[in-house]
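Here is the structure we will look at.
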Amino acid sequence: MARSRKNRTTGSSATATEPPLAHPDRSGPGVDDQTLFKIAEQRQLFQQAAARERENSKSSGSVKVKKIRVGGGAGSGDESDLDSDDDGDVPTLSETAERIIEAMLWTVSLSMLHFTFAVLAQHQYGTEIYWNEVIQRTFSAWGVFLLLFWALHPRKSDDTLLPGLPANYQAPLRQLVFFAMSVVSGCYLIYVTNMKGYLATQKRAPPLGCLWIWAVMELELPWATLSLLVATGYIYSGGYNVK
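FYI, the numbering for the sequence shown is 10 to 252, going by the numbering used here.
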């Protein structure tokens, strides 16, 4: 029995249908306006980080400046504004801590100067340098410098030198004290170095020189110039020499 064969199609009818070419559909919801910064603001990540910083600073014991908003209504106390203000706070020290640090810086510097003067005074006379005595005298002088500095150095918070005296007389009184210290220490240093022996010079010259320098530094320019003029006049009136 004869079989019938299906005729194979040839030509253009055999080619497969190609997919249509077209642009993608961009009509869906846009996501370009959602940035990382906006997402962080929506989730309040910055506020959470600021809160964690405040907790860490409190736990570490650091003192921070507290800002108080005055005159704001109920709607003005925005949490984001408060957090941005807190981000600008800087850690500060208490007044007592600042005063202690300042006193240590000044007195340690004066003690180093005293040590240098003591070594130079012994070296000038060609004597053997006894380091134990020099160090002991330096520590003793540091204690005296610390007491004087704590009592006489002006402070921003409390400028009172003599209780009961009006506030406008406190600064002139302090200048008068430093002026007297400058004149007495300077003139006595000139007298010791010219009239006393080398032992007295080695013991008295270093502390007197430090007190003279410190007093001049604490004085205002007119008072400091006047004290130096008094010391110069004392040199010429007594016929002393500057060695």
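Backbone N, C-alpha and C define an ideal beta-carbon position, used for all residues, glycine too.
Span of the alpha helix (DSSP H) around residue i
| i | result |
| --- | --- |
| Glu-304 | The structure shown has nothing for residue 304, since the chain only spans 10 to 252. |
| Ile-138 | Premise fails: Ile-138 is in no alpha helix (DSSP H) and is neither H nor E. |
| Leu-182 | 179-204 |
| Ala-176 | Careful: Ala-176 lies outside any alpha helix (DSSP H) and carries neither H nor E. |
Distance CB(residue i)-CB(residue j) smaller than 8 Å
| i | j | result |
| --- | --- | --- |
| Gln-211 | Gln-131 | yes |
| Leu-220 | Ser-194 | yes |
| Ser-118 | Ala-150 | no |
| Ser-191 | Ala-214 | no |
| Phe-158 | Thr-105 | no |
| Arg-52 | Arg-108 | no |
| Tyr-249 | Asn-203 | yes |
| Phe-188 | Leu-228 | yes |
| Ala-180 | Asp-168 | yes |
For residue i, three-class secondary structure by DSSP
| i | result |
| --- | --- |
| Thr-147 | helix |
| Thr-116 | helix |
| Thr-44 | coil |
| Gly-84 | Confidence at Gly-84 is low in this model, with a pLDDT of 46, below 50, so the placement of that residue is unreliable and no value is reported for it. |
| Gln-53 | coil |
| Pro-231 | helix |
| Lys-165 | coil |
| Gly-248 | coil |
| His-32 | coil |
| Ser-93 | Because the pLDDT of Ser-93 is 49, which lies under 50, any placement of that residue in the model is unreliable, and the question is left without a value. |
| Leu-238 | helix |
| Tyr-243 | helix |
| Leu-217 | helix |
| Leu-170 | coil |
Whole-angstrom C-beta distance between residue j and residue i, which should lie under 8 Å
| i | j | result |
| --- | --- | --- |
| Gly-218 | Phe-126 | 5 Å |
| Val-128 | Ile-138 | 6 Å |
| Ala-233 | Cys-196 | About 15 Å separates the two Cβ atoms, so there is no contact after all. |
| Leu-198 | Leu-182 | At roughly 24 Å, the Cβ-Cβ gap does not stay under 8 Å, so Leu-198 and Leu-182 are not in contact. |
| Phe-279 | Thr-101 | The structure shown does not extend to residue 279, since the chain spans only 10 to 252, so no value can be given for it. |
| Leu-161 | Val-186 | 6 Å |
Any C-beta of chain B under 8 Å from that of residue i
| i | result |
| --- | --- |
| Glu-142 | Within the model displayed, chain B is absent; a lone protein chain is all it includes. |
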